[in-house]
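The sequence shown begins at 138 in the working numbering and counts up by one.
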Amino acid sequence: MTRRLLFSYLTLAALVLLCLEIPLGFVYSRGERERVVNAAKDEAESVSAYAALSLAAGRAEQDLPARVAHCAERIGGKVVVVDESGTPLATSHLLAPDASRALMSRPGITAALRGDSTVDVRTSTIGGVEYLSVAAPVGQGVRPEGAVWLTLPTRMVHERVHHVWLLLAVGGLGVLTAVTFVGFGIARWTGRPIRELERATHELAGGGRVQPVTVTKGPPEVRSLAAAFNRTAARLAHLLDSQHAFAGEASHQLKTPLAALRLRLENLEPNVTARGRTSLTAAVTETDRLSRMVEGLLAMARLEEHAATPGPTDIGAVCAERHHTWAPLFDRQNVSLVLFAGSVGPVLALPGSIEQILDNLLSNALRASPPDTTVTIELRLHVPARRALRDARPCWVDLHITDEGPGMTPDQRARAFDRFWRAPGAPKGGTGLGLSLVQRLAHAGGGEASVRAAATGGLDAVVRLPSAEPLAGHAPGSAAQRGRELLALHVAGHVHRASASQPVHRQSIPRP
138 MTRRLLFSYL
148 TLAALVLLCL
158 EIPLGFVYSR
168 GERERVVNAA
178 KDEAESVSAY
188 AALSLAAGRA
198 EQDLPARVAH
208 CAERIGGKVV
218 VVDESGTPLA
228 TSHLLAPDAS
238 RALMSRPGIT
248 AALRGDSTVD
258 VRTSTIGGVE
268 YLSVAAPVGQ
278 GVRPEGAVWL
288 TLPTRMVHER
298 VHHVWLLLAV
308 GGLGVLTAVT
318 FVGFGIARWT
328 GRPIRELERA
338 THELAGGGRV
348 QPVTVTKGPP
358 EVRSLAAAFN
368 RTAARLAHLL
378 DSQHAFAGEA
388 SHQLKTPLAA
398 LRLRLENLEP
408 NVTARGRTSL
418 TAAVTETDRL
428 SRMVEGLLAM
438 ARLEEHAATP
448 GPTDIGAVCA
458 ERHHTWAPLF
468 DRQNVSLVLF
478 AGSVGPVLAL
488 PGSIEQILDN
498 LLSNALRASP
508 PDTTVTIELR
518 LHVPARRALR
528 DARPCWVDLH
538 ITDEGPGMTP
548 DQRARAFDRF
558 WRAPGAPKGG
568 TGLGLSLVQR
578 LAHAGGGEAS
588 VRAAATGGLD
598 AVVRLPSAEP
608 LAGHAPGSAA
618 QRGRELLALH
628 VAGHVHRASA
638 SQPVHRQSIP
648 RP
């Protein structure tokens, strides 16, 4: 805003200066030309009067040369005095032998000797140089006694005109410089309330607590905007606090009754007949599902309430650790769990978020996978071609969890991240909060989450996270890279590749 205001001030000042200085320059230029011409006329008439007196006193040869030389020196030109026949009487410079004939050919001298005008002003070229010439008759009467011919190089006139324009340009630059300093101060003072509003808006967008901005500075419109912003920020903070408090407190308060309810249901088991055991089992299952839902709500409330700063996380090591933890559970369901972790380096993520993402996605994949199928965990580098030409920094790391379950329709995939939404025919036990939590954790780390149709017919859940370091930092053969060499852990018998083509070389290692 400061630059725009300063540009506006300078543009307005420049337009005003142009509208004033251009006409003023032409006026001064014309006046300077007229002043030079008038000065030449006055000098010519002065020399003419002195020559007439000298001729009348018979002292032309003694007095005229000094007078002519002095006049030429004063005006910076040349002065010649001739008699009625064109013979030079006095000159301020040396003349060629045939100068008399040349002088009589000058239109100004000819006109002065005829007595046609008092002063004759012309512009002529002599020896390739343009001159301003002034001729005046010597003596009064029909037949003048001689003539005075005065010449000035037009370069002098041009120099005076250029001097006028230079003074106007320097004055204009001085005015613009003063306007720049004054305008900058005014623009800074005017834009200070706007900058405070901008700072407060960025703090509010970043999730921080916003201090009320000052509403006593700036124009009335800015003060009104600041007051409206303060009200909006206060109301938004109140709504967020209320939402966090409700989600956290309600979820926390529900945990104890749910635990007590499940304990009572388990205590009823010895007293329930065989016909009622099915209903009792269903009630316990629903109680467990409700408990998991409450845990999910608590996790979301903590995520929204304590927004941490993303930091570097070794996603390959986390995937290997969660693979080792989940492998026995997949074995019980006769489902293979395969890990393909390439040399992708660390990613930016919230502390502990990748573990939660993997747990939710693997839990969903396990529930949706039939026996004798494969669930694949895979890490891929995603380097846009345009950035790869400029540097070696991978922009993103993609985490793929691929299953061979029934999959989802496009409409169902579009709603997969909605809270409490579950696909029709989904296995029992889900809460509808897992994918929503995955998406929030990905967004909190600066990434994104999506679900796609897998080539094997199931779902491909993709979590894209920003890379934390340049790819060039992992030199081939280094210890860091060897620790993240391509790794595949085969959990149970049958290994099925999630896709026919992979972006990195894979090595399959049977799980012990």
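For each residue, glycine too, the CB sits at the ideal point set by N, CA and C.
The residues 513, 591, 597 and 635, in chain order, have a CB closer than 6 Å to that of residue 539 in the same chain once the five nearest residues on each side in sequence are set aside. If you compare the alpha carbons of 493, 214 and 476 with that of residue 432, the shortest gap goes to 493. Here the alpha carbon of residue 498 sits roughly 19 Å from the alpha carbon of residue 509. With fewer than 16 neighbouring CB atoms inside 10 Å of its own CB, residue 175 falls in the exposed class.
In this structure, residue 301 lies away from residue 173, with their beta-carbon atoms at least 8 Å apart.
Here DSSP, grouped into helix, strand and coil, assigns residue 459 to helix. The criterion of a C-beta distance shorter than 8 Å is not satisfied by residue 376 and residue 150. In the three-state scheme derived from DSSP, where H, G and I count as helix and E and B as strand, residue 451 is classed as coil. Around the Cβ of residue 196, a 10 Å sphere holds fewer than 16 other Cβ atoms; the residue is exposed. In its chain, beyond the 5 residues on either side, 424 have a beta carbon closer than 7 Å to the beta carbon of residue 398. With respect to the 8 Å criterion, residue 483 and residue 535 are not classified as neighbours on the basis of their beta carbons.
Unbroken alpha helix (DSSP H) stretches of 4 residues or longer found wholly inside the region 269-349: 291-342, given in chain order. Segment contact: the region 399-409 against the region 366-374, fewer than three CB-CB distances shorter than 8 Å; contact not assigned. In this structure residue 533 is not in contact with residue 476, their Cβ atoms being roughly 19 Å apart against a cut-off of 8 Å.
Going by beta carbons, residue 250 and residue 274 fall inside the 8 Å limit.
Straight across, the Cα-Cα distance linking residue 213 with residue 227 is about 17 Å. For residue 244, the enclosing alpha helix (DSSP H) covers residues 244-251.
Rounded to whole angstroms, the separation of the alpha carbons of residue 161 and residue 171 is 15 Å. Counted as a single uninterrupted DSSP element, the beta strand (DSSP E) harbouring residue 225 occupies residues 225-228. Shown here, residue 602 sits in a strand according to DSSP, grouped into three states.
For residue 148, no beta strand (DSSP E) encloses it; the enclosing alpha helix (DSSP H) starts and ends at 139-194. Counting along the chain, the unbroken alpha helix (DSSP H) around residue 211 starts and ends at 197-212. Annotation note: the region 472-505 contains the following uninterrupted beta strand (DSSP E) runs of length 3 or greater, listed N- to C-terminal: 473-477 and 484-486. Residue environment analysis places residue 462 among the exposed positions, since fewer than 16 neighbouring C-beta atoms fall within 10 angstroms of its C-beta. Under DSSP, residue 533 forms a beta bridge with 519 and 603. For residue 409, there is no enclosing beta strand (DSSP E), since its DSSP letter is neither H nor E. Distance from the CA atom of residue 215 to the CA atom of residue 303, rounded to whole angstroms, is 28 Å.
In the structure shown, residue 541 adopts coil according to DSSP, grouped into three states. By DSSP's assignment, residue 589 forms a beta bridge with 597.
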